[in-house]
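Heads up: the structure comes next, in structure tokens.
Printed below as a string of structure tokens:
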């Protein structure tokens, strides 16, 4: 059985990243957009861990960074959901196209 | 040596009065400000008399010392170059202390009645105090820059007082004119100060004069060898300093402000534009006299010619004017011309320094009789409510005290013995006779003209015709406060000539015996008397002799009456030439180029932002796309260009 190498993981990570970017640009629902952002963040996490394991196996920096990213993603999700709830209260909708007042 | 506190108090008392009346006068001292100011001035005058007595009784071996009573270093640039505030006590500053405080006191008393009932009574006295303080500071200056500071202060107070009736457009125009013309001259003064201090390395009078009169000193060699347009730096410096003096003293061609300055209240004209401030230029030349006489005699000669020309020029104009204050203004200019050419023909030291003594003597006596003339004219104007000669006439019975005192002043200025002007003018003429014959003949002619126009004024005011009946008789001559200064000044104008002035003031501080030649004085006295006689014939009774003479002179009379069109010339130069050739192009440049650049920047910003504001659409996903495009762009740059 073939062990997965660095490139396999990087391909998965890149795929995950672009799925996230695609979702962020195409979805109109704010919750879905938030989920897309989580995908992007997790693709970054994968990168960190993969590079840590294959390039500098004796160090832990990549692991710590991914832990940071997870913590920040959690905080970001809390803030984003709070914003979404407020937006729903004022606009009766969580469609990003409906919240376009903040322009010139 | 006397206590420096007394000397310091002389200028500081008026300063205190100015601060008090200026800050609180209108609220708390509305009625009493005049009394307060007069009492302060009385104290200052008393102190001046004491200082003068003390100074002149303590001659050091026949020579009056120049002493620094006190000095405070204000700004230090180098070890020798510093701006100080101090008091230099020497014969001329002590004499000026007396003159300034005395005339100022007289004017303060006189104004009690003259300016009474004026809305800004307290402000008026505050300004008078400010002027007195500045003038005293000016005459006491121990430092060239200190004199400049006070020089500007007297200019300022003159400006404020000329424009005292600020709701009168002519007064506003006059005060602006006075300020701008003197300010223009002061620019020359400032450049002169900078040149002198640059070469001598000091601003202190004693050191400055010492350095610039020692031909061996290194500073002096530099100053003489450095030249601009073929004239040595020191000559430029002294000439520029004299321009400042000429502006303040209303010498041709910077005299145009003085006649207009008569728009101010008459007591102010007596104080500032007759007795004290306008002689500041003479004082300045006298202060720097050793440098003028020993180092730059050529500049001193210019001083002499400017003085002589202004003297006769102003005397001719004075003969034609009908506004009595303007006659007096031109007469002042003429008399200051006398003082300046007396300095101009003088040399330094001993017998040859007669002109210096004569000039200071004339300054002293002139202050008396000219202040008296102005205050007398003030009393007349107060009575008839007009400045024009045609509204006067036959006032001798109605204003007896004014009449007698005015007559004494006229006799004094005409040089009739034994009044004050006779002695001082005699000395000036003697000095001119020994120094420069041409100037002597000009001066002789001017004395004749002086006698003529003064008595033209006198006869027109007090004789000529029967008094007009419409004069309101309600306030009579103006009361004690107005008459007392007249009488005191008349005593001064009658008796000041007997002061042996050479014993006190001379170019080098040593006593100077004044010689009196009966044969010499015959010519000026005869000329003066014939001037009076001519005025008597023409103006004693109302007649058309004067008009006939004026008509027969035709164009000449008209030219003189219009003051040789100097004002028009200035207007032409400023309005037509300066405004059109410099002012308008500069305004055009400012409006179109400078403003244009600023406006273009603003317009460009507005236009570009109008174009690009659509990018801020309020749509989150669009922003994310920009961000992503940016990141993508950066990646491309780092991959292919940066490497």
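Protein chains in written order, with our numbering: chain A, 2 to 105; chain B, 3 to 645. By construction, the Cβ of each residue, glycine as well, lies at the ideal position given by its N, Cα and C atoms. Quick caveat: nothing in here was measured; it's all calculated off a predicted structure.
When we look at the beta-carbon of residue i and count the other beta-carbons within 10 Å, is it buried (16 or more) or exposed?
i: residue 137(B); result: buried
i: residue 3(A); result: exposed
i: residue 57(A); result: exposed
i: residue 93(A); result: exposed
i: residue 460(B); result: buried
i: residue 500(B); result: exposed
i: residue 26(B); result: exposed
i: residue 78(B); result: exposed
i: residue 38(A); result: buried
i: residue 576(B); result: exposed
i: residue 629(B); result: exposed
i: residue 545(B); result: exposed
i: residue 462(B); result: buried
i: residue 197(B); result: buried
i: residue 61(A); result: exposed
i: residue 99(A); result: exposed
i: residue 592(B); result: exposed
i: residue 81(B); result: exposed
i: residue 429(B); result: buried
i: residue 269(B); result: buried
i: residue 598(B); result: exposed
i: residue 617(B); result: exposed
i: residue 91(A); result: exposed
i: residue 502(B); result: exposed
i: residue 238(B); result: buried
i: residue 574(B); result: exposed
Measuring straight from C-alpha to C-alpha, what distance separates residue i and residue j?
i: residue 95(B); j: residue 153(B); result: 15 angstroms
i: residue 494(B); j: residue 369(B); result: 10 angstroms
i: residue 114(A); j: residue 601(B); result: Given a span of 2 to 105 for chain A in the structure shown, any question on residue 114(A) remains unanswerable.
i: residue 371(B); j: residue 532(B); result: 21 angstroms
i: residue 52(B); j: residue 415(B); result: 29 angstroms
i: residue 77(A); j: residue 87(A); result: 15 angstroms
i: residue 207(B); j: residue 146(B); result: 6 angstroms
i: residue 514(B); j: residue 432(B); result: 14 angstroms
i: residue 28(B); j: residue 106(B); result: 22 angstroms
i: residue 507(B); j: residue 89(B); result: 18 angstroms
i: residue 63(A); j: residue 612(B); result: 47 angstroms
i: residue 562(B); j: residue 528(B); result: 25 angstroms
i: residue 465(B); j: residue 321(B); result: 17 angstroms
i: residue 184(B); j: residue 251(B); result: 9 angstroms
i: residue 637(B); j: residue 19(A); result: 16 angstroms
i: residue 290(B); j: residue 187(B); result: 18 angstroms
i: residue 42(B); j: residue 505(B); result: 31 angstroms
i: residue 56(B); j: residue 31(B); result: 35 angstroms
i: residue 293(B); j: residue 309(B); result: 18 angstroms
How many whole angstroms separate the CB atoms of residue i and residue j, which I take to be in contact at a CB cut-off of 8 angstroms?
i: residue 115(B); j: residue 23(B); result: Actually they are not in contact, since the Cβ atoms of residue 115(B) and residue 23(B) sit about 18 angstroms apart, beyond 8 angstroms.
i: residue 263(B); j: residue 131(B); result: About 19 angstroms; that fails the 8 angstroms criterion.
i: residue 448(B); j: residue 390(B); result: Incorrect: roughly 25 angstroms between the Cβ atoms, too far for contact.
i: residue 434(B); j: residue 442(B); result: 4 angstroms
i: residue 437(B); j: residue 427(B); result: Not really, about 15 angstroms apart at Cβ, beyond 8 angstroms.
i: residue 84(B); j: residue 205(B); result: 7 angstroms
Taking only heavy atoms of the ligand ZN into account, decide whether any of them is closer than 8 angstroms to the Cβ of residue i.
i: residue 178(B); result: For the structure depicted, the ligand ZN is absent and the ligand set is empty, with no information on it obtainable.
Exercise. Could you tell me whether the stretch 79-89 of chain A touches the stretch 47-66 of chain A, where touching means 3 or more Cβ pairs closer than 8 angstroms?
Key: Inter-segment contact for the stretch 79-89 of chain A and the stretch 47-66 of chain A is absent: fewer than three beta-carbon pairs are separated by less than 8 angstroms.
Exercise. Taking a Cβ distance cut-off of 9 angstroms, strictly less, list which residues of the stretch 612-628 of chain B are near chain A, in chain order.
Key: Cβ contacts with chain A: 615, 616, 617, 618, 619, 620, 621, 622, 623, 626, 627.
Quiz item: Hey, is the stretch 168-177 of chain B in contact with the stretch 292-309 of chain B, meaning 3+ C-beta pairs nearer than 8 angstroms?
Solution: The stretch 168-177 of chain B makes no contact with the stretch 292-309 of chain B; the number of CB pairs closer than 8 angstroms stays below 3.
Quiz item: When Cβ atoms are compared, which residues of the stretch 33-47 of chain A fall closer than 7 angstroms to chain D?
Solution: Protein chains A and B are contained in the structure displayed, whereas chain D is not.
Quiz prompt | Segment contact flag, the stretch 397-408 of chain B with the stretch 378-386 of chain B, C-beta cutoff 8 angstroms, min 3 pairs | solution = Yes, the stretch 397-408 of chain B touches the stretch 378-386 of chain B.
Practice problem: Evaluate the contact criterion for the stretch 359-368 of chain B versus the stretch 84-101 of chain B: three or more CB pairs, one atom per stretch, below 8 angstroms. | Solution: Contact holds between the stretch 359-368 of chain B and the stretch 84-101 of chain B, because three or more Cβ pairs, one in each stretch, are under 8 angstroms apart.
Quiz item: Is there contact here, the stretch 252-268 of chain B with the stretch 231-238 of chain B, by at least three beta-carbon pairs under 8 angstroms?
Solution: Flag = no, the stretch 252-268 of chain B and the stretch 231-238 of chain B do not touch.
Exercise. Would you check if there are 3 or more beta carbon pairs closer than 8 angstroms linking the stretch 338-350 of chain B to the stretch 244-254 of chain B?
Key: Contact holds: three or more Cβ-Cβ distances are below 8 angstroms.
Practice problem: Would you list, in chain order, the members of the stretch 72-102 of chain A that have their beta-carbon closer than 7 angstroms to a beta-carbon of chain B? | Solution: Close to chain B, meaning a Cβ-Cβ distance shorter than 7 angstroms, are the following residues of the stretch 72-102 of chain A: 97, 101, 102.
Self-check item: Meets three-Cβ-pair contact criterion under 8 angstroms: the stretch 316-332 of chain B and the stretch 480-497 of chain B
Solution: No, the stretch 316-332 of chain B is not in contact with the stretch 480-497 of chain B.
Practice problem: Closer than 8 angstroms, Cβ to Cβ, to anything on chain B: give me those residues from the stretch 15-28 of chain A, in chain order. | Solution: Those would be 22, 25, 26, in chain order.
Practice problem: Scan the stretch 177-197 of chain B for residues whose Cβ lies nearer than 8 angstroms to a Cβ of chain A and list them as they occur along the chain. | Solution: Against chain A - using a Cβ distance shorter than 8 angstroms - the stretch 177-197 of chain B contributes no residues.
Quiz item: the stretch 627-642 of chain B: which residues have C-beta closer than 8 angstroms to a C-beta of chain A, in chain order?
Solution: If the cut-off is 8 angstroms between Cβ atoms, the stretch 627-642 of chain B has 627, 630 near chain A.
Quiz item: With a cut-off of 8 angstroms, do at least 3 Cβ pairs link the stretch 211-231 of chain B to the stretch 281-301 of chain B?
Solution: Enough Cβ pairs lie closer than 8 angstroms, so yes.
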